[in-house]
Amino acid sequence: MSRPVQARRLEGIDKNIWVEFVKLAATYSTVNLGQGFPDFPPPDFLKEAFSRAVSGEKHTLHQYTRAFGHPPLVKILAQLFGKLLGRELDPMTNVMVTVGAYQALFCCFQAFIEEGDEVIIIEPFFDCYEPMVKMAGGTPVYIPLRPKAPKEGKLMSSADWQLDPAELASKFSEQTKAIVLNSPNNPLGKVFSRGELELIADLCVKHDALCISDEVYEWLVYDGKEHIRIASLPGMWDRTVIVGSAGKTFSITGWKVGWTVGPNRLLQHLRTVHQNSVYHCATAAQDAVAQGFQRELERYGKPDSYFVQLPRELQQKRDQLIQSLVAVGMKPIIPEGTYFLVADISEFKSEVPDVPDSDEPYDSRFAKWMVKNKGLAAIPLSAFYCGAHKDNYNSFIRFCFAKDATLKAADDILQRWKLEKAAP
Ligand SMILES: Cc1ncc(COP(=O)(O)O)c(C=O)c1O
-4 MSRPVQARRL EGIDKNIWVE FVKLAATYST VNLGQGFPDF PPPDFLKEAF
46 SRAVSGEKHT LHQYTRAFGH PPLVKILAQL FGKLLGRELD PMTNVMVTVG
96 AYQALFCCFQ AFIEEGDEVI IIEPFFDCYE PMVKMAGGTP VYIPLRPKAP
146 KEGKLMSSAD WQLDPAELAS KFSEQTKAIV LNSPNNPLGK VFSRGELELI
196 ADLCVKHDAL CISDEVYEWL VYDGKEHIRI ASLPGMWDRT VIVGSAGKTF
246 SITGWKVGWT VGPNRLLQHL RTVHQNSVYH CATAAQDAVA QGFQRELERY
296 GKPDSYFVQL PRELQQKRDQ LIQSLVAVGM KPIIPEGTYF LVADISEFKS
346 EVPDVPDSDE PYDSRFAKWM VKNKGLAAIP LSAFYCGAHK DNYNSFIRFC
396 FAKDATLKAA DDILQRWKLE KAAP
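Here the sequence shown is numbered in this note's numbering, starting from -4 and rising by one per residue.
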């Protein structure tokens, strides 16, 4: 008996970029700007909320809570997203709490994708979308963001990477079930403009497609950019599931609290998947996150809001890393959002040994060379492309700049590298 979905689940499991690069970084005890999590502590108000949750009088916080989200958390999320989207939300039917955004994404693909359905994925993309679509029995259809050359003497911006409208339209078909949108985008840091979102929205409405909108970096936007929620565009609320993450929002990736926001007609399907797989996410963590959002809602837009302070601090780190990378001859692409930065490494081709008959992309070889020779870890951009497109985008690497001590250590390495290059 042929079992196509089961076979597809095994595809590529022997080659996981994260396993490979984490191991390499550990082997060479490297300064690691590869993986995407902060090395600085979360805000005190959140740590205190967690302590209160686990050591306070409320023993119920050690027990099961409501499967689809601890009531205080779904209530505050409904209030906040209601305000952001300009519509009244029912905490019980329009919000569902998940084990990180990761499980929210998994629920979406399991809930909506049937054998034969196509899912449009914009490249470069957060790598789990591809296996998750395949596990559900769907077929990913890829469309790359295409870079435009920057103005003479200028660094490229993530805004220079754009969808070709005709190419995007050509990807929609009778089989299209959904498009995955990730704005701000990991790895590029691109924040999709209103015009770009309208283009996607019009095609979703025309082809009756869903939009799985991964907005985990929604608060991390720079240079006065605005994060626009596609669900707020005409015709989109009813066909969009917003995916969010307390991990990215409050610098607590290890707590694994995420959520989905959307119309009940879609969320009812997510609830079935969630209830029959995970059931619910840790009660104390949900309670503390609810308190964090309560605080933020009270300070919304004010200078002492974490949602204002964190991007301000990250923007400084971004600018510091840009300077250091330029000094060694890389060409950073200035990210408009997220805590990632992609840099062009074309200049180093002569330094990295060619491996005859290897099909390993140049960026992967470069990243390994950099770990071994410079002690600095980053992730090759080709890891964020489908197999067929990897070679078209193989001269970039991704750094994470949500770091304090690690960024300082990386800066020291880059300074030394710069001096070595200058030496006769
Ligand atoms: C684009 C994107 N979506 C989802 C996730 C997963 O978020 P969480 O840690 O809340 O599961 C990540 C984590 O790196 C991400 O970059």
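Think of the CB as a built atom: it goes at the ideal place given N, C-alpha and C, for glycine as much as any other residue.
A quick note: this is a predicted structure, and the numbers were derived from the prediction, not measured.
| Asked | Found |
| --- | --- |
| Ranges of the alpha helix (DSSP H) found wholly within the region 246 to 311, counting only runs of at least 4 | 259 to 270 and 278 to 293 |
| One or two residues paired with P86 in a DSSP bridge | DSSP lists no partner for P86. |
| Within 8 Å, strictly: CB atoms of P330 and L320 | no |
| C-beta contact flag for S240 and V211 at 8 Å | yes |
| For Y59, the first and last residue of its enclosing alpha helix (DSSP H) | Neither: Y59 is in no alpha helix (DSSP H) and is coded neither H nor E. |
| Inter-residue Cα distance where the pair is I374 and W254 | 27 Å |
| Whole-angstrom distance between L41 and E415, CA atom to CA atom | 44 Å |
| Local Cβ density within 10 Å of T235, reported as buried at 16 or more and exposed below that | buried |
| First through last residue of the alpha helix (DSSP H) which encompasses I12 | I12 to T22 |
| Among P37, D122, V49 and D85, nearest to Y380 - alpha-carbon criterion | D122 |
| Alpha-carbon spacing of C276 relative to P36, whole angstroms | 22 Å |
| Beta-carbon gap between Q281 and T55 smaller than 8 Å | no |
| Which residues DSSP lists as bridging F335, in chain order | C395 |
| Closest residue to R307 among F396, L262 and E293 (Cα-Cα distance) | F396 |
| T244, enclosing alpha helix (DSSP H) - first and last residue | A241 to T244 |
| Unbroken stretches of the alpha helix (DSSP H), 4 residues or longer, contained in the region 120 to 157 | 124 to 130 |
| Nearest neighbour of A454, chosen from N387, I71 and A322 [CA to CA] | Not covered by the structure: residue 454. The range shown for the chain is -4 to 419. |
| Heavy atom of ligand 1 within 7 Å of S240 beta-carbon | yes |
| Candidates D339, V337, A338 and K363, of which the one nearest D349 by Cα | K363 |
| Buried or exposed (CB count within 10 angstroms, at least 16 for buried), V216 | buried |
| Proximal residues to Y274 (C-beta, below 7 Å), its chain only, five neighbours per side dropped | A62 |
| Where S208 sits in the DSSP three-state scheme | strand |
| beta-carbon A154 near ligand 1 non-hydrogen atom, thresh 7 Å | no |
| Whole alpha helix (DSSP H) elements within the region 163 to 238, 4-residue minimum | 189 to 201 |
| Burial state of M(-4), where buried means 16 or more other Cβ atoms lie within 10 Å | Confidence at M(-4) is low in this model, with a pLDDT of 49, below 50, so the placement of that residue is unreliable and no value is reported for it. |
| Straight-line gap, F45 to V92 (C-alpha atoms, nearest Å) | 17 Å |
| Any non-hydrogen atom of ligand 1 closer than 7 Å to L100 Cβ | yes |
| Closest residue to D209 among L309, V200, I223 and Y301 (Cα-Cα distance) | I223 |
| Distance cut-off 7 Å: N11 Cβ against heavy atoms of ligand 1 | no |
| Element boundaries [beta strand (DSSP E), containing E118] | E113 to E118 |
| Near ligand 1: Y97 beta-carbon under 7 Å from a heavy atom | yes |
| Residues bridged to A372 (per DSSP) | N27 |
| Supposed contact pair I117 and L158 - C-beta distance, whole angstroms, cut 8 Å | 7 Å |
| Limits of the unbroken alpha helix (DSSP H) element including K70 | P66 to L80 |
| Beta-carbon gap between R3 and K172 smaller than 8 Å | no |
| Closer than 7 Å: T267 CB and nearest ligand 1 heavy atom | no |
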